[in-house]
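Residue numbers (my numbering): 1361 to 1756.
Every residue, glycine too, gets a C-beta built ideally from N, C-alpha and C.
Since we're looking at a predicted model, the values are computed, not measured.
This report concerns only the one structure given below.
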Ligand SMILES: *Cc1c(COP(=O)(O)O)cnc(C)c1O
């Protein structure tokens, strides 16, 4: 992979015809070290946010030893790449064959579940294994999050007693897990969910060995500036300390977005301008699924030399496919003289961006290039270290 100092330099040097994925390994390394050092428990990476083997290796090299996997393909990927890693199969509805392969061929011992059917399935698939960590997924609110994960999985606290009781009997270690939804904008998301965990433990009167607060840790995007991650960690840790769990109980979390968002961005070219619509060469079926389908806003910057002195105005984007739905409403703020042939960096696409690319209509990604400059926004470069905030980090 080629290495460059900045996206701007790259645009003028290469003038790429296809979109270029820009990766910043140092940003992913910094995120991993932050969680490893500051979260007082175990941080496991939720692989679905971005399964790039390069990223998995960077996280491993920087202290992330546990991986939350949800499919047998993710199990095979991580166990092939990082044979020493511990995998936790945290999808509450799995294929029986996937459980058996994970257990017998890849050494997976931790599984999540939210029904007694799934418990029976796990026990069948593992031939009544006695060394399992079983994490019961509780249903919690997604009210504080930008993306709900509340309706599909999770047993209601009021209905969790039998499942917790039966899982306790089957498990070597019993866990309770939940997911507050992605991009949780307040630490109260976790303290409120942990209050439900407390009620479930008290209701079922079981000994719990693992509390897994899931993912949801935020990154930063235009119009979404969350409190510092330390505030989330403190709220979680303080609440965990007060829970009626076993003396040696462990605290786990499963960040996906927070560990990967700053890792990658995208350089696109404007193929045509019509008023305030820019026709660019990547879109809804490429790395911009969330921008198209849920109106997510990503930071943008024009990569032109010399710099435009025009004032910013709001633009929308059309992607390259023939589909009307391939439209990203934004608004994306760019200089008013942005025109065909210009290159744009779209930032913070390391989570749920680059991972979701398809080849629909023949439009695929071009090269991947390593950049050594800073991501366009960061939750890890704080005002306590102003010397570390470089000039290309834009104000959102
Ligand atoms: C998607 C998912 C995660 C990661 O969520 P983020 O919001 O990206 O941190 C963690 N755990 C489970 C079970 C998930 O489904």
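One Cα belongs to residue 1528, the other to residue 1535, and the distance between them is close to 9 Å.
Between the C-alpha atoms of residue 1409 and residue 1401 there is a straight-line separation of about 21 Å. Per the DSSP secondary-structure output, residue 1381 pairs in a beta bridge with 1626, 1728. Residue 1720 is not bridged by DSSP to any residue.
Residue 1434 has its Cβ no nearer than 7 Å to any heavy atom of ligand 1.
In terms of Cβ geometry, residue 1611 and residue 1593 do not form a close pair [threshold 8 Å]. For residue 1543, the enclosing beta strand (DSSP E) has its first and last residue at 1542-1544.
Shortest Cα-Cα distance from residue 1524 to any of 1482, 1575, 1474, 1551 involves 1474.
Counting only runs of 3+ residues, the beta strand (DSSP E) found wholly inside the stretch 1579-1659 occupies 1610-1613, 1624-1634, 1637-1640, in chain order. Boundaries of the beta strand (DSSP E) harbouring residue 1572: 1570-1572, taken from the DSSP string. For the pair of segments examined, the stretch 1715-1730 was found not to touch the stretch 1660-1675: the number of CB pairs separated by less than 8 Å stays below three. For residue 1665, there is no enclosing beta strand (DSSP E), as DSSP gives it neither H nor E. Between the stretch 1404-1418 and the stretch 1603-1620, the count of C-beta pairs closer than 8 Å reaches three or more; the two stretches touch.
DSSP, read as helix, strand or coil, puts residue 1742 in coil. Not a single heavy atom of ligand 1 lies less than 7 Å from the C-beta of residue 1411.
If the five residues before and after residue 1415 are omitted, its C-beta is found closer than 7 Å to the C-beta atoms of 1388, 1620, 1623, all from its own chain and listed in chain order.
Three or more Cβ pairs closer than 8 Å define a contact, and the stretch 1424-1434 falls short of that threshold against the stretch 1655-1664. As a beta-bridge residue in DSSP terms, residue 1674 pairs with 1693. A straight-line Cα-Cα distance of about 15 Å links residue 1484 and residue 1468. A straight-line Cα-Cα distance of about 31 Å links residue 1577 and residue 1530. The DSSP-derived three-state label of residue 1575 is coil.
Per DSSP, residue 1699 is not a residue of any alpha helix (DSSP H), being assigned neither H nor E. For residue 1551, the enclosing alpha helix (DSSP H) stretches over residues 1548-1564. Straight through space, the alpha carbons of residue 1608 and residue 1720 are spaced by roughly 50 Å. At least one heavy atom of ligand 1 falls within 7 Å of the beta-carbon of residue 1617. Checking the 7 Å criterion, the Cβ of residue 1577 is within range of a heavy atom belonging to ligand 1.
Shown here, residue 1705 sits in a strand according to DSSP, grouped into three states. Closest option to residue 1398, judged by alpha-carbon separation, among 1537, 1520, 1455, 1590: 1590. With the rule of 3 Cβ pairs closer than 8 Å, the stretch 1366-1376 does not count as touching the stretch 1572-1588.
From the listed residues 1685, 1574, 1630, the smallest Cα separation to residue 1403 is found for 1574.
Residue pairing by DSSP leaves residue 1486 without any beta bridge partner.
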